[in-house]
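Trainee: My structure is below; once you've seen it, I'll send some questions.
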Amino acid sequence: MVLTGHCLCKAVTFKADVDAPAVVGYDHCDDCQRQSGSTYSLVVVVPKDKVTTEGPLKKWKGTADSGNAVYRWFCSECGSPIAHDPEAAPVIALKGGCLDSEIKKELKPTVEIWTVGKLPFCQEKLAHPFEHMPN
44 MVLTGHCLCK
54 AVTFKADVDA
64 PAVVGYDHCD
74 DCQRQSGSTY
84 SLVVVVPKDK
94 VTTEGPLKKW
104 KGTADSGNAV
114 YRWFCSECGS
124 PIAHDPEAAP
134 VIALKGGCLD
144 SEIKKELKPT
154 VEIWTVGKLP
164 FCQEKLAHPF
174 EHMPN
(Lines of atoms letter the chains of each structure in order from A and count residues from 1; the text may use other names and numbers.)
(Lines give C-alpha, C1' and ligand atoms only; values in the text may rest on other atoms or scores of the structure.)
Protein backbone atom coordinates (compact mmCIF):
# COMPACT_ATOMS: atom_id res chain seq x y z
CA MET A 1 0.00 0.00 0.00
CA VAL A 2 1.37 3.38 -0.91
CA LEU A 3 0.17 6.29 1.20
CA THR A 4 0.51 9.62 -0.59
CA GLY A 5 -0.42 13.13 0.43
CA HIS A 6 0.36 16.81 0.35
CA CYS A 7 0.00 20.07 2.21
CA LEU A 8 -2.71 22.63 1.49
CA CYS A 9 -0.71 24.52 -1.15
CA LYS A 10 0.70 21.26 -2.59
CA ALA A 11 4.30 22.47 -2.26
CA VAL A 12 5.13 19.56 0.09
CA THR A 13 4.31 16.03 -1.00
CA PHE A 14 5.02 12.78 0.80
CA LYS A 15 4.82 9.06 0.25
CA ALA A 16 5.00 6.04 2.55
CA ASP A 17 5.36 2.64 0.93
CA VAL A 18 4.07 0.21 3.59
CA ASP A 19 2.14 -3.05 3.79
CA ALA A 20 -0.30 -1.26 6.10
CA PRO A 21 -0.06 1.49 8.72
CA ALA A 22 1.13 0.29 12.14
CA VAL A 23 -1.61 2.39 13.78
CA VAL A 24 -4.45 4.60 12.63
CA GLY A 25 -5.92 6.56 15.49
CA TYR A 26 -6.86 9.76 17.24
CA ASP A 27 -4.12 11.57 19.17
CA HIS A 28 -5.47 13.77 21.98
CA CYS A 29 -2.16 15.15 23.28
CA ASP A 30 -1.97 18.89 23.85
CA ASP A 31 0.74 19.33 21.22
CA CYS A 32 -1.38 17.63 18.54
CA GLN A 33 -4.35 19.77 19.51
CA ARG A 34 -2.22 22.88 19.05
CA GLN A 35 -0.58 21.70 15.83
CA SER A 36 -3.92 20.72 14.27
CA GLY A 37 -5.90 23.61 15.71
CA SER A 38 -8.56 21.06 16.65
CA THR A 39 -9.58 18.78 19.51
CA TYR A 40 -7.36 15.91 18.32
CA SER A 41 -5.21 14.83 15.41
CA LEU A 42 -5.90 11.85 13.15
CA VAL A 43 -2.56 10.04 12.89
CA VAL A 44 -1.34 7.30 10.57
CA VAL A 45 1.76 5.70 12.07
CA VAL A 46 4.33 4.18 9.70
CA PRO A 47 8.05 3.27 9.86
CA LYS A 48 10.27 6.33 9.36
CA ASP A 49 12.42 4.60 6.79
CA LYS A 50 9.38 4.15 4.52
CA VAL A 51 8.61 7.89 4.25
CA THR A 52 9.93 10.21 1.56
CA THR A 53 9.11 13.90 1.16
CA GLU A 54 9.62 16.59 -1.44
CA GLY A 55 9.21 20.34 -1.15
CA PRO A 56 9.83 23.07 1.42
CA LEU A 57 9.43 21.00 4.58
CA LYS A 58 10.27 22.67 7.86
CA LYS A 59 10.81 20.86 11.16
CA TRP A 60 10.25 22.32 14.61
CA LYS A 61 11.88 20.58 17.57
CA GLY A 62 9.75 20.15 20.66
CA THR A 63 10.11 18.02 23.77
CA ALA A 64 7.88 15.06 24.63
CA ASP A 65 6.82 14.25 28.20
CA SER A 66 9.59 11.63 28.15
CA GLY A 67 12.17 14.39 27.65
CA ASN A 68 12.99 13.15 24.15
CA ALA A 69 12.75 15.37 21.10
CA VAL A 70 9.69 15.33 18.86
CA TYR A 71 9.97 17.02 15.49
CA ARG A 72 6.81 18.59 14.09
CA TRP A 73 6.92 18.65 10.29
CA PHE A 74 5.04 21.31 8.36
CA CYS A 75 5.06 23.11 5.02
CA SER A 76 7.15 26.28 5.20
CA GLU A 77 4.86 27.90 2.60
CA CYS A 78 1.31 27.28 3.89
CA GLY A 79 2.00 25.94 7.40
CA SER A 80 0.04 22.70 6.98
CA PRO A 81 1.08 20.07 9.52
CA ILE A 82 2.48 16.97 7.81
CA ALA A 83 3.69 14.71 10.64
CA HIS A 84 5.18 14.43 14.08
CA ASP A 85 8.41 12.52 14.38
CA PRO A 86 9.42 11.22 17.84
CA GLU A 87 13.21 11.07 17.82
CA ALA A 88 13.35 8.01 20.10
CA ALA A 89 10.96 5.87 18.02
CA PRO A 90 11.39 4.08 14.67
CA VAL A 91 7.98 5.33 13.54
CA ILE A 92 6.49 8.63 12.43
CA ALA A 93 2.87 9.82 12.73
CA LEU A 94 1.62 11.25 9.45
CA LYS A 95 -1.30 13.65 9.77
CA GLY A 96 -4.24 11.76 8.28
CA GLY A 97 -5.89 14.91 6.98
CA CYS A 98 -2.97 15.49 4.59
CA LEU A 99 -3.34 12.12 2.87
CA ASP A 100 -4.80 12.09 -0.61
CA SER A 101 -8.61 12.13 -0.47
CA GLU A 102 -9.27 8.61 -1.72
CA ILE A 103 -6.74 7.20 0.78
CA LYS A 104 -8.04 9.03 3.84
CA LYS A 105 -11.61 7.98 3.04
CA GLU A 106 -10.50 4.37 3.57
CA LEU A 107 -8.86 4.92 6.98
CA LYS A 108 -10.28 2.98 9.91
CA PRO A 109 -9.06 4.45 13.21
CA THR A 110 -8.84 1.76 15.87
CA VAL A 111 -7.20 3.51 18.84
CA GLU A 112 -7.17 6.76 20.75
CA ILE A 113 -3.89 7.80 22.34
CA TRP A 114 -3.14 10.38 25.00
CA THR A 115 -6.74 10.28 26.22
CA VAL A 116 -5.41 11.90 29.38
CA GLY A 117 -5.49 15.09 27.24
CA LYS A 118 -8.93 14.42 25.74
CA LEU A 119 -11.06 17.53 26.15
CA PRO A 120 -14.06 17.22 28.50
CA PHE A 121 -16.60 18.05 25.80
CA CYS A 122 -15.20 15.25 23.53
CA GLN A 123 -15.85 12.29 25.78
CA GLU A 124 -17.54 10.06 23.21
CA LYS A 125 -15.41 6.94 22.79
CA LEU A 126 -14.05 7.02 19.24
CA ALA A 127 -11.82 3.94 19.37
CA HIS A 128 -9.84 1.75 21.82
CA PRO A 129 -8.43 4.25 24.37
CA PHE A 130 -4.91 4.48 25.78
CA GLU A 131 -4.23 7.06 28.49
CA HIS A 132 -0.77 7.72 27.01
CA MET A 133 1.13 5.84 24.29
CA PRO A 134 0.45 2.10 23.96
CA ASN A 135 3.39 -0.15 24.84
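Numbers in this note's numbering are just positions in the sequence shown, counted from 1, shifted up by 43.
By construction, the Cβ of each residue, glycine as well, lies at the ideal position given by its N, Cα and C atoms.
#1: Who are the Cβ neighbours of Asp-60 in its own chain at under 6 Å, not counting the five residues just before and after it?
#2: State buried or exposed for Ala-63, treating a residue as buried only when at least 16 other CB atoms are found within 10 Å of its CB.
#3: In chain order, which continuous runs of the alpha helix (DSSP H) of length 4 or greater are located wholly inside the segment 61-119?
#4: Based on Cα-Cα distance, which residue from Val-87, Lys-148 and Gln-76 lies nearest to Leu-137?
#5: Quick one: what does DSSP say Gly-48 is sitting in, helix, strand or coil?
#6: From the DSSP output, in three-state form, read off Thr-158 for me.
#7: Between which residues of its own chain and Cys-165 is the CB-CB distance below 6 Å, once the five residues before and five after are set aside?
#8: Nearest by alpha-carbon distance to Ser-84: which of Pro-177, Cys-141 and Tyr-114 is it?
#9: For Asp-108, which option in Val-154, Asp-73 and Arg-77 has the closest C-alpha, if you only look at C-alpha atoms?
#10: Rounded to whole angstroms, how far is the Cβ of Thr-23 from the Cβ of Ala-170, which I believe are closer than 8 Å?
Mentor: A quick look at the data gives this:
#1: For the purposes of this step, residue 60 is taken as the residue at position 17 of the sequence shown. Cβ neighbours of Asp-60 beyond the five flanking positions: Val-45 and Lys-93.
#2: Against the sequence shown, residue 63 aligns to sequence position 20. Exposed: under 16 other Cβ atoms inside 10 Å.
#3: Segments of the alpha helix (DSSP H) lying fully in the segment 61-119: 73-79.
#4: The residue labelled residue 137 in the question sits at position 94 within the sequence shown. Per the Cα distances, Val-87.
#5: Residue 48 sits at position 5 when you count from the first residue of the sequence shown. Strand, per DSSP.
#6: Your numbering for residue 158 matches position 115 in the sequence shown. Note: Thr-158 maps to helix in three-state DSSP.
#7: The residue you call residue 165 lines up with position 122 of the sequence shown. Contacts found: Thr-82.
#8: Translated into the one-based positions of the sequence shown, residue 84 becomes position 41. Out of Pro-177, Cys-141 and Tyr-114, Cys-141 has the C-alpha closest to the C-alpha of Ser-84.
#9: Residue 108 sits at position 65 when you count from the first residue of the sequence shown. The option with the nearest alpha carbon to Asp-108 is Asp-73.
#10: Since the first and last residues shown for the chain are 44 and 178, residue 23 lies out of range.
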